[in-house]
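Data block below; observations after.
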C-alpha cells in the first residue's frame with residue numbers, strides 16, 4: 141500500500157523518497173544486436189519509405205486511427221464532426237498497416253532470437269515495485285498512454301515521427317519536441333525508479 | 002533545372018476511400034515488418050532499455066536514434082537534392098512542440114514504451130504493452146475532442162511554419178548536413194567511450 145501511494149505521488153518528487161529499492165537498468169538484458177547496426181538499418185529503412193511510399197516512418201497516428209474507428213462505431217456523427225478527424229479521417233492506410241506489421245516484425249525477431257518473453261510484468265518493474273504489482277503497472281501504463289498520446293498529437297508526432305523522421309529532416313519543431321520528450325521523461329522516470 | 006524535390010509526383014489518393022490502394026499497403030507491410038524486427042533487435046522493445054535511457058543508465062536508445070538520424074539525414078538530403086523524394090516537414094509550433102513534448106515525456110516514463118516500441122513490445126510478448134496501447138487510444142480520442150479548441154488557441158503559439166535548422170540559421174543545406182553529420186559522429190564516439198551501455 142505504501143508503495144502504491146508513493147507511486148501515485150510520482151509527480152511530486154518530494155513525496156517519493158522512501159519505499160522501494162533503486163534499480164539499475166544495466167542489470168537486465170540489453171539489445172541483441174549492436175545499436176549502431178540497428179540505427180543504420182532504421183536510417184536506410186527511412187530512405188526506402190521516403191522513396192517507395194513517399195512517407196516518413198511514424199507510429200502515433202495508428203492509435204488515433206483506432207480511436208477514430210471505435211468512436212465512429214459508437215458515435216459516428218460526433219466523431220466525424222471533430223476537427224482532428226475532419227482532417228484525418230480514420231482509414232486503413234499506410235500508417236495503420238505499418239504499425240500492425242511492426243508487431244509481427246518484432247514477433248519474428250523475438251522468436252528467432254530466443255527473446256520472446258510472454259510476461260505481464262517486466263522484471264525491471266518487479267525489481268523496483270515487487271512481483272505482485274501487475275495491476276499497479278497496468279494502471280500506471282494506461283494513464284501514461286493517455287498522457288503520451290495526447291502529448292504526441294499536440295506536439296505533432298512521437299518518438300518515431302518527430303524523434304527519427306523529423307529530426308533526420310532537420311525539422312526545427314522535431315528537435316524541440318524530442319528534447320522535450322526526454323526532459324519530461326527524465327523528470328518523471330527518475331523519482332519513479334531511483335528515489 | 003529541376004527544383005529539388007519538386008519533381009516527385011504527389012501520389013495522393015482520395016482520402017475519402019476507407020482503404021488505401023493494395024500496392025501501398027503491401028509496401029507498408031514490408032516496411033513495418035522491418036521496423037518491428039529492427040526495434041526488437043535493438044532492444045527497443047524492452048521495458049528496462051527504454052526506462053534505462055530515461056534514467057541515463059542505458060544509452061542504447063540514444064545510440065540507435067543518433068545513428069538512424071545520421072544515416073537517414075545523409076540519404077534523404079541526397080535523394081531530395083536529386084529530386085527523388087519529397088521532404089515531409091511538420092510545421093514548427095513552439096508552444097505545442099514544447100508543451101506536448103513534455104506531456105509525452107511524462108507519459109513515456111509511466112508507460113515505459115513509446116507508440117512504436119509498444120507495438121514492438123507486444124510482438125515480443127510483453128503483454129503489459131496492451132494497457133499502454135489502450136491508454137494511447139483513449140488519449141488520442143481525448144485530443145480529438147479538444148482539437149477544435151486547441152487549434153484556435155495553443156496551436157497558434159509560436160507558429161514558425163515548415164522550417165529546417167539550416168533555414169533557421171540561414172546556411173545552405175549541403176554544408177549544414179555535412180557539419181551536422183560530423184557533430185553526430187562525434188557525439189556517437191563520445192557515447193561509445195563514456196556510456197557503460
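Residue numbers (my numbering), protein chains in the order written: chain U, 141 to 335; chain C, 2 to 198.
Glycine included, every Cβ here is placed at the ideal spot set by N, Cα and C.
Just so we're clear, the structure is a prediction, and the values are computed from it rather than from any experiment.
List the residues of chain C whose Cβ lies closer than 9 Å to the Cβ of residue i, in chain order.
i	result
residue 214 of chain U	Result: empty, since nearest Cβ-Cβ is about 11 Å, beyond 9 Å.
residue 161 of chain U	Simply none; closest approach about 14 Å.
residue 306 of chain U	89, 90, 91
residue 217 of chain U	Those do not exist, as residue 217 of chain U stays about 14 Å from chain C at its closest Cβ, beyond 9 Å.
List the residues of chain U that residue i touches, going by C-beta distances under 7 Å, in chain order.
i	result
residue 64 of chain C	175, 176, 179
residue 19 of chain C	231, 232
residue 171 of chain C	By Cβ distance, chain U contributes nothing, its closest Cβ being about 13 Å from residue 171 of chain C, past 7 Å.
List the residues of chain U whose Cβ lies closer than 8 Å to the Cβ of residue i, in chain order.
i	result
residue 176 of chain C	Within 8 Å Cβ-Cβ: nothing; residue 176 of chain C doesn't reach chain U, min ~12 Å.
residue 67 of chain C	179
residue 94 of chain C	296, 313
residue 121 of chain C	242, 243, 245, 246
residue 57 of chain C	326
Using a Cβ cut-off of 8 Å, pull out every chain C residue sitting near residue i, in sequence order please.
i	result
residue 262 of chain U	47, 48, 49, 113, 127, 129
residue 185 of chain U	32, 35, 36, 39
Would you please state the rounded distance, in angstroms, between the beta carbons of residue i and residue j? I believe it to be under 8 Å.
i	j	result
residue 317 of chain U	residue 295 of chain U	5 Å
residue 29 of chain C	residue 238 of chain U	4 Å
residue 161 of chain U	residue 268 of chain U	7 Å
residue 37 of chain C	residue 246 of chain U	4 Å
residue 321 of chain U	residue 105 of chain C	5 Å
residue 301 of chain U	residue 198 of chain U	4 Å
residue 51 of chain C	residue 165 of chain C	Actually they do not touch by this definition, with Cβ atoms about 28 Å apart.
residue 135 of chain C	residue 285 of chain U	7 Å
residue 304 of chain U	residue 66 of chain C	6 Å
residue 291 of chain U	residue 108 of chain C	6 Å
Below 7 Å on C-beta distance, what does residue i contact in chain C?
i	result
residue 269 of chain U	Here the premise fails: no neighbours, minimum Cβ distance about 12 Å.
residue 266 of chain U	Those do not exist, as residue 266 of chain U stays about 10 Å from chain C at its closest Cβ, beyond 7 Å.
residue 335 of chain U	The contacting residues do not exist; residue 335 of chain U stays about 11 Å from chain C at best.
residue 272 of chain U	The contacting residues do not exist; residue 272 of chain U stays about 14 Å from chain C at best.
residue 276 of chain U	None at all; the shortest Cβ gap to chain C is about 11 Å.
I'd like the list of long-range same chain contacts for residue i, defined as Cβ closer than 8 Å, with 5 residues on each side in sequence excluded.
i	result
residue 164 of chain U	none
residue 182 of chain C	71, 74, 75
residue 102 of chain C	none
residue 163 of chain C	90, 91, 92, 93
Near residue i, what residues of its chain come up, given a Cβ to Cβ distance below 6 Å and the 5 sequence neighbours on each side ignored?
i	result
residue 130 of chain C	114, 119, 122, 123
residue 20 of chain C	none
residue 205 of chain U	230, 236
residue 62 of chain C	54
residue 125 of chain C	41, 46
residue 151 of chain U	Model confidence at residue 151 of chain U stands at a pLDDT of 48, short of 50, so the residue's coordinates are unreliable; what they give is reported in the following sentence. Within the same chain, residue 151 of chain U has no close Cβ partners at all.
residue 194 of chain U	none
Could you tell me if residue i is buried or exposed, where buried requires 16 or more neighbouring beta carbons within 10 angstroms of its beta carbon?
i	result
residue 157 of chain U	Any reading at residue 157 of chain U is ruled out, since the residue's pLDDT is 42, under 50, leaving its predicted position unreliable.
residue 331 of chain U	buried
residue 293 of chain U	buried
residue 272 of chain U	exposed
residue 59 of chain C	buried
residue 93 of chain C	buried
residue 186 of chain C	exposed
residue 18 of chain C	exposed
residue 48 of chain C	buried
residue 315 of chain U	buried
residue 44 of chain C	buried
residue 172 of chain C	exposed
residue 150 of chain C	exposed
residue 23 of chain C	exposed
In its own chain, which residues sit with a C-beta less than 7 Å from the C-beta of residue i, not counting the 5 before and 5 after it?
i	result
residue 96 of chain C	155, 158, 159
residue 154 of chain U	For residue 154 of chain U, the pLDDT reaches just 43, beneath the cut-off of 50, and the residue's location in the model is therefore unreliable, leaving the point undetermined.
residue 225 of chain U	208, 219
For the ligand NAP, is there a heavy atom less than 7 Å away from the beta-carbon of residue i?
i	result
residue 156 of chain C	Annotation note on the ligand NAP: not contained in the displayed structure, which lists no ligands.
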